[in-house]
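2 protein chains.
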Amino acid sequence: MIEYSEKQLLIMDTALQLFSEKGYDKTSIRDIAHAAEVNIAMVSYYFGSKEKLLEALFKKHFTFITGKLESILYEKDSTAFEKVEQIIDVFINTLYSRQRFNRLMTREASVLQEGPLFDMIFEMKTKNRKLMERAVKAGQRLGVFRKDVNVFFLSSVLIGSVNQMLANCRYEAQNAKLEGAEAENFQQKKIDILRSHLKQMFIAYLTQPELIDKSKNG
Amino acid sequence: MIEYSEKQLLIMDTALQLFSEKGYDKTSIRDIAHAAEVNIAMVSYYFGSKEKLLEALFKKHFTFITGKLESILYEKDSTAFEKVEQIIDVFINTLYSRQRFNRLMTREASVLQEGPLFDMIFEMKTKNRKLMERAVKAGQRLGVFRKDVNVFFLSSVLIGSVNQMLANCRYEAQNAKLEGAEAENFQQKKIDILRSHLKQMFIAYLTQPELIDKSKNG
DNA sequence: GTTTGAATTAAACGTTTGTTTAACTTTGCG
DNA sequence: CGCAAAGTTAAACAAACGTTTAATTCAAAC
Numbered sequence: 007m008i009e010y011s012e013k014q015l016l017i018m019d020t021a022l023q024l025f026s027e028k029g030y031d032k033t034s035i036r037d038i039a040h041a042a043e044v045n046i047a048m049v050s051y052y053f054g055s056k057e058k059l060l061e062a063l064f065k066k067h068f069t070f071i072t073g074k075l076e077s078i079l080y081e082k083d084s085t086a087f088e089k090v091e092q093i094i095d096v097f098i099n100t101l102y103s104r105q106r107f108n109r110l111m112t113r114e115a116s117v118l119q120e121g122p123l124f125d126m127i128f129e130m131k132t133k134n135r136k137l138m139e140r141a142v143k144a145g146q147r148l149g150v151f152r153k154d155v156n157v158f159f160l161s162s163v164l165i166g167s168v169n170q171m172l173a174n175c176r177y178e179a180q181n182a183k184l185e186g187a188e189a190e191n192f193q194q195k196k197i198d199i200l201r202s203h204l205k206q207m208f209i210a211y212l213t214q215p216e217l218i219d220k221s222k223n224g
Numbered sequence: 007m008i009e010y011s012e013k014q015l016l017i018m019d020t021a022l023q024l025f026s027e028k029g030y031d032k033t034s035i036r037d038i039a040h041a042a043e044v045n046i047a048m049v050s051y052y053f054g055s056k057e058k059l060l061e062a063l064f065k066k067h068f069t070f071i072t073g074k075l076e077s078i079l080y081e082k083d084s085t086a087f088e089k090v091e092q093i094i095d096v097f098i099n100t101l102y103s104r105q106r107f108n109r110l111m112t113r114e115a116s117v118l119q120e121g122p123l124f125d126m127i128f129e130m131k132t133k134n135r136k137l138m139e140r141a142v143k144a145g146q147r148l149g150v151f152r153k154d155v156n157v158f159f160l161s162s163v164l165i166g167s168v169n170q171m172l173a174n175c176r177y178e179a180q181n182a183k184l185e186g187a188e189a190e191n192f193q194q195k196k197i198d199i200l201r202s203h204l205k206q207m208f209i210a211y212l213t214q215p216e217l218i219d220k221s222k223n224g
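Line by line, the protein sequences are chains P and A.
Just so you know, we're using our numbering here: the first sequence kicks off at 7 and counts up by one.
Just so you know, we're using our numbering here: the second sequence kicks off at 7 and counts up by one.
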């Protein structure tokens, strides 16, 4: 874990705020320097370049997030149902509390083709599925979950839903001109609904008797 | 509906390809002109500016997509279950067949705060929910769907899942160095699984008996 | 064949971009 | 204090950007 000075952290926080609001490309180093009230040259001085600053941001938040996610693996023994609910909670809480970084990451992820950022995101996606797989297999071993669960599917639903919900909230709040506490309240309510219904939906799906797949021939 | 000349359509198609691959900001007018084998000045000549070109792209694909989505409203009578499955099919098919535009739109949507693009996307989000609401209410009227379904939740799950699945496919294909037909095949299989399991999950959730919401006090 | 307006071109425009330079200030240590 | 390293600054840099200009080519109408 890299240690950063207060000034470095100030630059990183300011950059994250601007990157998430305006996008990485539309945010200039001058914007960051002005908002953080430091000289333009400080970014290059501390981080090397604008892109390296982005990488530093990714590394910082990734270590935090993956740490959170992995901690659930070492939770006290709990039922398969509880494990699934725990996973949903951890994902929602993490994506919600770090939504600025999440928005930046999702946006940049959509155009990456290679490089350190691509590798980090790919690793995280794989980790997410591993986490999901554990809980599912536990339930299958106990015979309470259906056998044909697809983890690739489940993790897409979980993460996709949270991101889409957050994006929708932003649009609704923006359109209704909600600000500050009002916007946060609106978002919080929607997230609570998402949390509750997502759990119910996952359990309903996981405990559903398997159907014959009509798309298969034979 | 605006009519475009062949050359205008060539520019628009090329722009969409580059925008979706590299992102709007990282694609220069020179890139587009070079790829389309036209002069740099033609973009401004035909569309006025780079941003107006993006708006033209949005308008063009929006009219197509909203048309597709609305057509389902006038489908022959079908059961509530069929209606839900139809909606899932239409969404997946549309997002899949126009995934380049979908990727561009999702990416730009995440940083929009106002303007014509914001309005277009907001209108589409609202339309999506209206469509979903119809099917849900039909099922509720017949007494086969639970009463506490949240449409905001359902549409987030549907659209978010598809987008996340497509994003994951791109990452997996990129990482496994799949190309052309191989990558398409991989994606097609994942989409089929998504389609099948999403339908099962939605039906399982919608027909689930309502639970007492523990988060409410009273 | 001439004319007229659209299509097309290469070149240039002024800005903004990320980055670097070189000078200056501050800080910490012997 | 004296000095070296780190921090900080304003200024300058070349490159890339979106856009415009002015000249030229083209195609159709008369």
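All C-beta atoms, glycine included, are put in the ideal place defined by N, C-alpha and C.
- Residue state for phenylalanine 159 of chain P is assigned as helix, using DSSP reduced to three classes.
- Contact between methionine 126 of chain A and phenylalanine 70 of chain A does not hold, since their C-beta atoms are separated by about 13 Å, which reaches or exceeds 8 Å.
- Across the set A:Ala86, A:Leu110, A:Ile197, A:Pro122, the C-alpha of A:Ile197 shows the shortest separation from the C-alpha of leucine 164 of chain A.
- Counting along the chain, methionine 138 of chain A sits inside the alpha helix (DSSP H) bounded by residues 121-147.
- Near chain P, meaning a CB-to-CB distance below 8 Å, the residues of the region 101-114 of chain A are Arg109, Thr112, Arg113.
- In chain order, Gln193, Lys196 place their CB closer than 6 Å to the CB of cysteine 175 of chain P, counting only its own chain and leaving out the 5 sequence neighbours on each side.
- A Cβ-Cβ distance of about 6 Å is found for the pair phenylalanine 53 of chain A and alanine 62 of chain A, placing them in contact under the 8 Å criterion.
- Sequence-ordered contacts of the region 118-145 of chain A with chain P read Gln119, Glu120, Phe124, Ile127, Phe128, Lys131 [C-beta pairs closer than 8 Å].
- The Cβ atoms of leucine 212 of chain A and arginine 152 of chain A sit closer than 8 Å to each other.
- For valine 155 of chain P, the CB contacts under 6 Å within the same chain, skipping 5 residues up- and downstream, are Val142 in chain order.
- Taking 7 Å as the Cβ-Cβ cut-off, the region 150-162 of chain P approaches chain A at Asn156, Phe158, Phe159, Ser162, given in chain order.
- DSSP, read as helix, strand or coil, puts glutamine 214 of chain A in coil.
- Judged by DSSP in its simplified three-state form, asparagine 45 of chain P adopts coil rather than helix or strand.
- Using a 10 angstroms sphere on the CB of threonine 112 of chain A, the tally of other CB atoms reaches 16 or more, which defines it as buried.
- One Cα belongs to glutamine 119 of chain A, the other to arginine 135 of chain P, and the distance between them is close to 33 Å.
- Against alanine 210 of chain A, the close residues of chain P are Ala210, Tyr211, Gln214, in the order they occur along the chain (beta-carbon pairs closer than 7 Å).
- With 16 or more other Cβ atoms from the protein chains shown falling within 10 Å of its own Cβ, tyrosine 177 of chain P counts as buried.
- Relative to the Cα of threonine 100 of chain P, the nearest Cα in the group P:Ser116, P:Thr72, P:Val117 belongs to P:Thr72.
- Secondary structure of glutamate 190 of chain A (DSSP, three-state): helix.
- Phenylalanine 68 of chain A carries a helical assignment under DSSP once its states are collapsed to helix, strand and coil.
- Within chain P, the residues whose beta carbon sits less than 8 Å from that of leucine 200 of chain A are Phe159, Ser162, listed in sequence order.
- Neighbours of aspartate 37 of chain A in chain P, taken as residues at a C-beta separation under 9 Å, are lacking, since the least C-beta distance is about 14 Å.
- Taking a Cβ-Cβ threshold of 9 Å, the residues of chain A close to aspartate 31 of chain P are Gly29, Tyr30, Asp31, Lys32, in chain order.
- The alpha-carbon separation between arginine 36 of chain P and threonine 20 of chain P amounts to approximately 12 Å.
- Assignment of lysine 74 of chain P by DSSP, reduced to helix, strand and coil, places it in the helix class.
- With respect to isoleucine 93 of chain P, leucine 123 of chain P sits apart: the two C-beta atoms are not nearer than 8 Å.
- In this structure, serine 26 of chain P sits near leucine 110 of chain P, with a CB-CB distance shorter than 8 Å.
- Contact between alanine 210 of chain P and alanine 210 of chain A is confirmed by a C-beta separation of about 4 Å, below the 8 Å threshold.
- Between leucine 160 of chain P and the set P:Ile38, P:Gln14, P:Met207, the nearest pair of CA atoms involves P:Met207.
- One alpha carbon belongs to threonine 132 of chain P, the other to lysine 205 of chain A, and they sit about 25 Å apart.
- Following the DSSP letters along the chain, one finds alanine 21 of chain A inside the alpha helix (DSSP H) bounded by residues 12-28.
- With a threshold of 8 Å between beta carbons, tyrosine 52 of chain P makes no contact with chain A.
- Non-local beta-carbon contacts of alanine 115 of chain A in its own chain, meaning distances under 7 Å to residues more than five positions away in sequence, involve Ile127 in chain order.
- Here arginine 147 of chain A is exposed: its Cβ has fewer than 16 other Cβ atoms, across all protein chains shown, within 10 Å.
- Within the model, the alpha-carbon separation for glycine 166 of chain P versus phenylalanine 158 of chain A is close to 14 Å.
- Taken atom to atom, the span from the alpha-carbon of serine 202 of chain P to that of asparagine 108 of chain P is near 21 Å.
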